[in-house]
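>
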Amino acid sequence: MELLKSLYTINSKSGYEGLIKSFFIGLLADLELTIEEDCIGNIFITKGIAGSYPCVTAHFDEVHAPTERNIIVDGDLIYAVDNQGEHVGIGADDKNGLWIISHLLHTKQVLKVALFVQEERDGEMPGCRGSMACSLAFFDDVRYILAVDRKGNNEVVTVGKGNIRLCDNDFIPNDLLQKYNYVCVDGGRTDVVALKERGLQISCCNISCGYFNAHKPEEYSVFTHLENSLAFVSDIIDRI
Ligand SMILES: [Zn+2]
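For the sequence shown, position 114 (counting from the first letter as 1) is numbered 393 according to the working numbering, and the numbering increases by one without interruption.
(1) Compare the C-alpha of SER285 against each of TYR295, ASP517, LYS430, LYS300 and name the closest.
(2) Who are the Cβ neighbours of LEU298 in its own chain at under 8 Å, not counting the five residues just before and after it?
(3) Let me know the beta strand (DSSP E) ranges lying completely inside the stretch 334–381, each 3 residues or longer, listed in chain order.
(4) Less than 7 Å between the C-beta atoms of ASP420 and SER482, yes or no?
(5) Looking at the structure shown, is VAL472 part of a helix, part of a strand, or coil, going by DSSP?
(6) Can you list, in chain order, the residues of its chain whose CB lies under 7 Å from that of ASP340, leaving out five sequence neighbours each side?
(7) Taking CYS484 as the reference, give the member of ASN375, LEU425, MET404 with the closest Cα.
(8) Classify LEU415: buried if its beta carbon has 16 or more other beta carbons within 10 angstroms, exposed otherwise.
(9) Just to confirm, does ASP372 get its C-beta within under 6 Å of one of the non-hydrogen atoms of ligand 1?
(10) One question on the structure: do ILE251 and ALA337 come within less than 7 Å of each other, judged by their Cβ atoms?
(11) Following a CB-centred definition, is ASP224 positioned closer than 6 Å to any heavy atom of ligand 1?
(12) Under DSSP, the beta strand (DSSP E) around ASN485 begins and ends at which residues?
(13) What are the residues that DSSP puts in a beta bridge with MET404?
(14) Shortest alpha-carbon distance to PHE417 belongs to which of HIS366, LEU394, GLU281?
(15) Between GLY376 and the rest of its own chain, which residues show a CB-CB distance below 6 Å, the 5 nearest in sequence each way excluded?
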């Protein structure tokens, strides 16, 4: 919970991801990893040596402009208010993804991670600017990509905006869907959709990670949903 609160406290509006990036990389100081940054600012991490890797992805940026954020924990709910007590966004989209990936990097022996900048649309600028511009070579030895960037608590997006097929509906084993109470759905655009649009062949999907009211001041997270999402993703990686 403390890590999550720290992540929410850092503003990372698109184009201003420097602080969250250095904070996140600081969390990994005790691990033996290869960490590379491309010229756009995306971060690519490799843990372990293997013939092929599972890969998880999230994005550093958020839609909210910087403002004071007092993080409130109310039982299972986490949200923020400003100094006047008005709700303000926390960037749980997609810091919940960063939180999950930090845990996975500490527990898995073999893993690749792609963390993108500038996923969110910004005024006239389209979204997914980091994933549209990155090299795809990092994914040459990747079996599949699990994005942890979906709102809510029970969805696996298998078809992205524009009818982009991300993976077959049986990509995630049915018993794992049932165990963690997830269903396959059609969803919006995010980095894995952009990668598929660019011709990436491997299976991808986008998994709910426990945030609600994304892009709104009333954004909040449910901690037990976030923990369930981490356990789900961890089990998928152990299985396929
Ligand atoms: Zn997002």
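Quick reminder that beta carbons are idealized off the backbone N, C-alpha and C, glycines included. Bear in mind that the values here come from a model prediction, so they are computed numbers and not experimental data.
Answer, in terms of the structure:
(1) Nearest option by C-alpha distance: LYS300.
(2) Apart from sequence neighbours up to five positions away, the residues of its chain that approach LEU298 with a beta-carbon distance below 8 Å are ILE289, ASN290, SER291, ordered along the chain.
(3) If we require 3 residues or more, the beta strand (DSSP E) runs fully inside the stretch 334–381 come out as 349–353, 356–360.
(4) Going by beta carbons, ASP420 and SER482 fall outside the 7 Å limit.
(5) Residue state, collapsed to three classes: helix.
(6) Result list for ASP340: SER291, LYS292, SER293, GLU296, VAL396, GLN397, GLU398, GLU399, in chain order.
(7) Per the C-alpha coordinates, the member of ASN375, LEU425, MET404 positioned closest to CYS484 is LEU425.
(8) Under this definition LEU415 is an exposed residue.
(9) The answer is yes for ASP372.
(10) No statement about residue 251 is possible, as the shown extent of the chain runs from 280 to 519 and does not include it.
(11) As displayed, the chain neither begins before 280 nor continues past 519, which places residue 224 out of reach and without an answer.
(12) Counting along the chain, the beta strand (DSSP E) containing ASN485 begins and ends at 482–487.
(13) Checking the DSSP bridge columns, you'll see MET404 partnered with ASP401.
(14) Comparing Cα-Cα distances from PHE417 to each of HIS366, LEU394, GLU281, the minimum goes to LEU394.
(15) So the list reads ALA337, VAL427, ASP428, CYS488, once near-sequence residues are dropped.
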